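Participant: This is the structure, below, for whatever I ask next.
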Amino acid sequence: MNQECICRIRNIYRAIAQFEASLQQELGLNINEAMLLCLVADKAHISSGEIASEMNLTPSNASKVIAALEKGRLIRRKACKEDKRCMKFCVTKKGEELLHRLTCDSLQLPHSLQKLSDQVEPQEHDRSF
1 MNQECICRIR NIYRAIAQFE ASLQQELGLN INEAMLLCLV ADKAHISSGE
51 IASEMNLTPS NASKVIAALE KGRLIRRKAC KEDKRCMKFC VTKKGEELLH
101 RLTCDSLQLP HSLQKLSDQV EPQEHDRSF
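Position one of the sequence shown corresponds to residue 1 (UniProt numbering), numbered consecutively onward.
Right under this line is the structure:
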């Protein structure tokens with residue numbers, strides 16, 4: 001890895017930080033909270049383990065993000081029918097309302113991220129960003 005590669009990664013990291021700051025200002029969510037909200041909306045009744053796996057977070061970090069969205073009443077948990085120890089998550093009405101505001105049209109991507117975003121094929125389940 002050379003210095004140029006590190007500098008490019010630093011610039012991407014700065015652009016993501018800039019985007020996250022605007023996301024926080026506009027919607028009151030950090031990037032992990034926004035991604036988790038989209039994930040739960042796309043995959044209703046998803047478990048915390050599945051959330052951690054899908055988002056590439058440790059179970060502990062996933063729990064913190066889940067707790068923040070529960071506190072904001074954007075998602076709620078329900079015990080699984082087959083195993084009461086198992087918890088599944090779904091989006092609340094308040095969460096759905098926020099998701100309607102969480103679109104590429106409502107959030108300005110920094111130019112460098114827009115260029116990267118244009119190069120990446122959206123996946124079937126991507127709703128926003």
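The beta carbon of each residue, even a glycine, is placed where N, CA and C say it ideally should be.
Small disclaimer: the values here were computed from a predicted structure and weren't measured.
Express the C-alpha separation of residue 83 and residue 75 in angstroms, rounding to a whole number.
Facilitator: The straight-line gap from Cα to Cα measures roughly 20 Å.
Participant: Please report the distance separating the alpha-carbon of residue 124 from that of residue 66.
Facilitator: Any reading at residue 124 is ruled out, since the residue's pLDDT is 46, under 50, leaving its predicted position unreliable.
Participant: Among 86, 20 and 85, which has the Cα closest to the Cα of residue 102?
Facilitator: Checked all of 86, 20 and 85; the closest Cα to residue 102 is 20.
Participant: Please list the segments of the beta strand (DSSP E) lying wholly inside the UniProt domain "HTH marR-type" (1-129), counting only runs of 3 or more residues, in order along the chain.
Facilitator: Entirely contained in the UniProt domain "HTH marR-type" (1-129), the beta strand (DSSP E) runs reaching 3 residues are, in chain order, 75-79 and 87-91.
Participant: Skipping 5 residues on each side, what residues in its chain have a beta carbon closer than 7 Å to that of residue 73?
Facilitator: Closer than 7 Å at Cβ, skipping near neighbours: 92 and 94.
Participant: Does the Cβ of residue 22 have 16 or more other Cβ atoms within 10 Å, making it buried, or fewer, making it exposed?
Facilitator: That one is exposed.
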